[in-house]
DNA sequence: TCGACCGGATTAAACGTTTAACCAGCGTGC
DNA sequence: GCACGCTGGTTAAACGTTTAATCCGGTCGA
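Protein chains in written order, with full-length UniProt numbering: chain A, 1 to 325; chain B, 1 to 325.
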């Protein structure tokens, strides 16, 4: 199959390539009939315009960049997939640039993408870093940046909702588990949970794993804690296996819950209760904001997308005699 | 900062843009002195050739595609990262195309990439599918395809090594856990394990989760099995939590091990023993094969990349009185 | 002394698309 | 009857590179 160009089609119809271009784009003045026939023929032979040629002429590549800075973010694949889907729907291709490591690597990755001609960039930044503005439109997921280009799940609301559910189950002494204080996402989730618990007069203690690498969770349970809420299913899993290994029954003696509904969360026993975020909605939001900016329009006002509770087996009513073995 | 082109530099030196191009590429005939000065100036102002212009002229975009067909593959992020790094080192950009779903979606993703001008494509295919040849060079990871373009970890050897280690620990009655029979990777791993065990005269039983969604692992332990080897850490985790929940001590009463060293594998308690693959080496191999083919050379002969055992806490000597509670 | 050759650069074409500017008819209003 | 405007196109330039073909002045060999 030979390579098809506008010229090829133009010759078939005995018209100029400009006319074919106009017919396909619907922009210039072409008779309705001819336009229809040209479009039909183009579809028939599967004509697709050459991206480089178009890019050269228009200055736009039809490609957006995706910077995934934090490899340890277990949502990575889902973000990649969701952004890819949203981009495809908007006619964009997705160039990735992983920037494991420091903030320097992150900005280097951004530069690579602009040099390759990305029309805009979606960034899932390394936790705790701000993304500096650069010469292409940006959409930042889950991190503070210049206002108007950040898309977030409602981590605080999700935290509050999760806490509310545990309160409803009768829990009054809970442990909150976070990993890194410098993660905005984790701070928001902890904050939401802590606020809801405080408002209800429940007792809550927060543990940051960066301070205490291997806390003795079973001991906390024996001291009276009846529920462990972690900012990520990964840490919820750590708690769960530690409790089980110590012979504590989950959820009979203690409840465990996390965030993000990771791959393993439904596979463990008991299956983890988790607060999930709608990754696809976030990605769509990011892409909407981005393509608006690429087109020169103002970005639509964004709202935090709600999280949803997935209640499985790892949570249950608070035990009558907390912590008793 | 204005946009820099060859012309800009050419004018500064009072020469033609062709000369600048030659100087930078080292191809035509330019006096050594002038060439040096031009290169210096180009570096100084950070000149980078326009990818679309170059692509239009040369017919090569400098971009490779990456098709990640199986989202459920937890190695996804590591492959993305490794391929990105290898591509960057070779001067390529990476366009992704996720194709969750069936084989049709997979080929659709491939088409999208060729249409966008990918010079070659790396595929991590959906399990059990063959990748059909198309008009651009392909490198397939972990799946059968036309000979010469498949890069694999040594799954069979890894399986054998893992089994050998458990044999050395004294285990003689083991359970092998796989998920899908149509996955080549899983078949290879199971095959390697089973062969090694059979050769040593140990008893091995294989369970495919697609047949029995929720097998009673604790019961198997009570019947005498002292070790559970799963084709993925994900399933090893399922086994581990099921055993723990049933009050069985790991590894005192039963050992558990998996493959791929997933994110959570070190975080659970006891930490999972696992057979890890060198994702970076595989990615480099894939990229070497791919760029060779793009350049028109024959692909270098590939060898399966060895896997390495990461021994952690979930495996130990076989209990003296197997299965006894 | 003249043709050949060679180093060092220039010219020009080409890649495929988009788009502003132009042009030929043709019907219309006045 | 003529300027005007509309319709349906065409021409040509431009985007930035690469590369084959060409050109020019000097040097060398014969």
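In this text, a Cβ means the ideal position worked out from N, Cα and C, and glycines have one as well. Remember, it's a predicted structure, so these values are computed and weren't measured experimentally.
Check, Outcome
"If I measure Cβ to Cβ from residue 375 (chain B) and keep anything under 6 Å in the same chain, skipping five residues before and after, which residues do I get?", "Residue coverage of chain B in this structure runs from 1 to 325, which leaves residue 375 (chain B) outside it and unanswerable."
"Which same chain residues end up closer than 7 Å to residue 288 (chain A) when comparing Cβ atoms and leaving out the 5 residues on each side of it in sequence?", "300"
"What does the Cβ neighbour count give for residue 183 (chain A), buried or exposed, with the cut at 16 atoms within 10 Å?", "buried"
"Find out if the Cβ-Cβ distance for the pair residue 70 (chain A), residue 29 (chain A) is shorter than 9 Å.", "no"
"Kindly say whether residue 165 (chain B), judged by its beta-carbon, lies nearer than 9 Å to any beta-carbon of chain A.", "no"
"Using only the alpha-carbon positions, how far apart do residue 181 (chain A) and residue 48 (chain B) sit?", "40 Å"
"Give me the Cα-Cα distance between residue 77 (chain B) and residue 247 (chain A), rounded to the nearest whole angstrom.", "34 Å"
"Which class does residue 307 (chain A) belong to by DSSP, given the choice of helix, strand or coil?", "strand"
"Is there a Cβ of chain A sitting closer than 9 Å to that of residue 51 (chain B), yes or no?", "yes"
"Looking at chain A, which residues of the region 115–127 of chain B have a Cβ within less than 7 Å of any of its Cβ atoms?", "115, 116, 117"
"Hey, would you say residue 125 (chain B) sits closer than 9 Å to residue 143 (chain B), going by beta carbons?", "yes"
"By the 10 Å Cβ neighbour count, where 16 or more other Cβ atoms means buried, how is residue 244 (chain B) classified, buried or exposed?", "buried"
"For residue 228 (chain B) and residue 271 (chain B), I'd like the C-alpha separation in whole angstroms.", "15 Å"
"Would residue 130 (chain A) be called buried (16 or more neighbouring beta carbons within 10 Å of its own) or exposed?", "exposed"
"Spell out whether any CB of chain B is found under 9 Å from the CB atom of residue 344 (chain A).", "No answer is possible for residue 344 (chain A): it lies beyond the span of chain A, which begins at 1 and ends at 325."
"With burial defined as no fewer than 16 other Cβ atoms inside 10 Å of the residue's Cβ, what is the status of residue 315 (chain A): buried or exposed?", "buried"
"Once the 5 residues before and after residue 296 (chain A) are set aside, which same chain residues still bring their CB inside 6 Å of it?", "none"
"Taking one C-beta from the region 255–275 of chain A and one from the region 41–61 of chain A each time, how about it: are there three or more such pairs within less than 8 Å?", "no"
"If the criterion is Cβ atoms closer than 9 Å, does the pair residue 52 (chain B) and residue 52 (chain A) meet it?", "yes"
"What does the alpha-carbon distance come out to for the pair residue 164 (chain B) and residue 313 (chain B)?", "17 Å"
"Does chain A have any CB closer than 9 Å to the CB of residue 235 (chain B)?", "yes"
"Have a look at B:224, B:147, B:154, B:285 and flag the residue whose alpha-carbon is nearest the alpha-carbon of residue 275 (chain B).", "B:154"
"Leaving out the 5 sequence neighbours to the left and right, which residues in its chain are closer than 7 Å to residue 16 (chain B) when beta-carbon positions are compared?", "10"
"Closer than 7 Å, Cβ to any Cβ of chain A: which residues of the region 134–152 of chain B, in chain order?", "none"
"Please list the segments of the alpha helix (DSSP H) lying wholly inside the region 47–71 of chain B, counting only runs of 4 or more residues, in order along the chain.", "51–58"
"Check whether the Cβ of residue 93 (chain B) lies closer than 9 Å to any Cβ atom in chain A.", "yes"
"Please decide whether residue 253 (chain B) counts as near chain A, where near means a Cβ-Cβ distance under 9 Å.", "no"
"Quick one: is residue 189 (chain A) buried, meaning 16 or more other Cβ sit within 10 Å of its Cβ, or exposed?", "buried"
"For the alpha helix (DSSP H) that contains residue 205 (chain A), what are its first and last residues?", "It is not in any alpha helix (DSSP H) - residue 205 (chain A) instead sits in the beta strand (DSSP E) that spans 203–208."
"From this set, A:176, A:284, A:13, which residue's C-alpha is nearest residue 152 (chain A)'s C-alpha?", "A:284"
"Could you give the distance in angstroms between the alpha-carbon of residue 34 (chain A) and the alpha-carbon of residue 44 (chain A)?", "15 Å"
"Just to check my reading of the structure: residue 204 (chain B) and residue 174 (chain B) have Cβ atoms closer than 8 Å, yes? What is that Cβ distance to the nearest angstrom?", "5 Å"
"Please confirm whether any heavy atom of the ligand FAD lies closer than 8 Å to the CB of residue 86 (chain A).", "With respect to the ligand FAD, the structure offers nothing, as it holds no ligand at all."
"Between residue 134 (chain B) and residue 95 (chain B), is the Cβ-Cβ spacing less than 9 Å?", "no"
"Between the alpha carbons of residue 268 (chain A) and residue 262 (chain B), how many angstroms are there, rounded?", "14 Å"
"For residue 12 (chain B) and residue 4 (chain B), what's the separation of their Cα atoms in angstroms?", "12 Å"
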